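Notes follow the structure.
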Amino acid sequence: MPILRIRHVTTYHYHRPVAFGEHRMMLRPRDDHDQKILESELEITPTPRELNWAQDRFGNHVAIASFAEPAAELRFDSSIRLDHAPGGFYAADIEDYARAYPFSYRAQDWLALKRFILPLSLAPGLKRWSDRFFRKDGSADTHALLVGMTQLIWRDFKHVARHEPGIQDALATLALGSGSCRDLAVLMIAALRGRGIAARFVSGYVHLTDEALDDENDLTGGNTHAWVQVYVPGPGWVDFDPSSGVVGNQNLVRVGVAHHPREAIPLQGTWYGSASDHLAMKVAVKVKAAAAAGA
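Here's what the structure looks like:
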């Protein structure tokens, strides 16, 4: 299993020293069956008066920092070593009763999954678009449905960097034919939930390439990213990345899973001063394969 080294630095710049309220961080990857934290370090400047760690209701690692002193720069530097086990998604792994859609989740699973399905509603435009993945009687091969939807979004929609805050509505993404990774994830989630298939939003990191990454101070070669997990009876939660067409967790590191994207924001907080005091925010990410496990 490869070892990934992740560094994520966010820096806020101000024209003059300002005061800071609480800042909430979701920067530490999850400890799941296919990814395990080996080392984790978080350096914050200026040093917070208090830093508390907890896990939210989805099992994500969350840190809350409180500050005492004003500053003209606020910097969060997260460094991670992670054991990552790439895995795919195969039709043979699906339990027999769920290999064909429609299927019903077992009662013991439904209680935990219903938050990622209800309410069952599908806008007419979204239904027309998603009808192509189903037969006329509404049935489908489950594996082909999930893989096909992932890859069609990747082929038919333009993946763009969108820096505006908030999430683009699924119908807006359909109308525009484009969206950010988080917008394309929201589109796929809406289409699946409307058909009774449990889907959740995932935020984290994507490992892009190891070329020209020898300089440890060069924060390139990775990115923050968003994709989808679907609960499939048998394998459980499976990763689907409609921005790249990738099925499975290849090159994907989960940090936060959530019902809605607003619950998985990497870093958010408040500051006090004039609007003109804010100068810039800079984010840099590096994801690098370090060594094979046991090497």
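Residue numbering for the sequence shown follows my numbering, starting at 19 and increasing by one per position. Don't be surprised by glycine CBs; every beta carbon is placed ideally from N, CA and C. The structure presented is a predicted model; accordingly, all values stated were derived computationally and were not measured.
Can you check which of these residues, the options, is closest to residue i by C-alpha distance?
i	options	result
residue 141	187, 168 and 182	187
residue 105	52, 144 and 93	52
residue 67	74, 50, 85 and 81	85
residue 62	81, 101 and 204	81
residue 282	194, 185 and 261	185
residue 206	64, 194, 167 and 242	167
residue 253	263, 110 and 94	110
residue 69	43, 91, 294 and 257	43
residue 95	257, 292, 78 and 64	64
residue 255	121, 278, 216 and 244	216
residue 133	181, 305 and 278	278
residue 156	181, 257, 121 and 165	121
residue 57	83, 23 and 126	23
residue 210	306, 128 and 136	136
residue 108	241, 181 and 165	165
residue 173	181, 93, 180 and 262	262
residue 242	180, 114, 127 and 193	180
Less than 6 Å between C-beta atoms, sequence neighbours within five positions excluded: which residues of the same chain meet that for residue i?
i	result
residue 59	97
residue 299	30
residue 230	Summary for residue 230: the model assigns pLDDT 43, below 50, so the residue's position carries little reliability; its value from the coordinates is reported in the next sentence. Result list for residue 230: empty, nothing under 6 Å.
residue 71	81
residue 268	104
residue 182	none
residue 244	199, 200, 203 and 221
If I'm right that residue i touches residue j with Cβ under 8 Å, what's the distance once you round it to whole angstroms?
i	j	result
residue 177	residue 199	7 Å
residue 297	residue 33	6 Å
residue 112	residue 248	Between residue 248 and residue 112 the Cβ distance is about 11 Å, and since that is not below 8 Å, they are no contact.
residue 270	residue 222	6 Å
Taking C-beta to C-beta, are residue i and residue j nearer than 8 Å?
i	j	result
residue 17	residue 35	This structure cannot settle anything about residue 17, because the visible part of the chain is limited to 19 through 313.
residue 273	residue 260	no
residue 154	residue 100	no
residue 285	residue 45	yes
residue 160	residue 116	yes
residue 266	residue 38	no
residue 175	residue 148	no
residue 124	residue 304	no
Skipping 5 residues on each side, what residues in its chain have a beta carbon closer than 7 Å to that of residue i?
i	result
residue 276	76, 218, 219 and 282
residue 146	none
residue 208	144 and 188
residue 138	212 and 214
residue 163	119 and 151
residue 295	32, 33, 34 and 36
residue 293	none
residue 87	64
Spell out the partners DSSP gives residue i in its beta bridges.
i	result
residue 270	224
residue 32	296
residue 290	37
residue 276	219
residue 73	79
residue 197	177
residue 167	Residue 167 is not bridged to any residue.
residue 43	81 and 285
residue 259	264
Ignore the nearest five residues each way along the sequence and tell me which others in residue i's own chain have a CB closer than 8 Å to its CB.
i	result
residue 50	272
residue 290	36, 37, 38 and 39
residue 78	44, 48, 273, 274, 275, 276 and 282
residue 74	80 and 281
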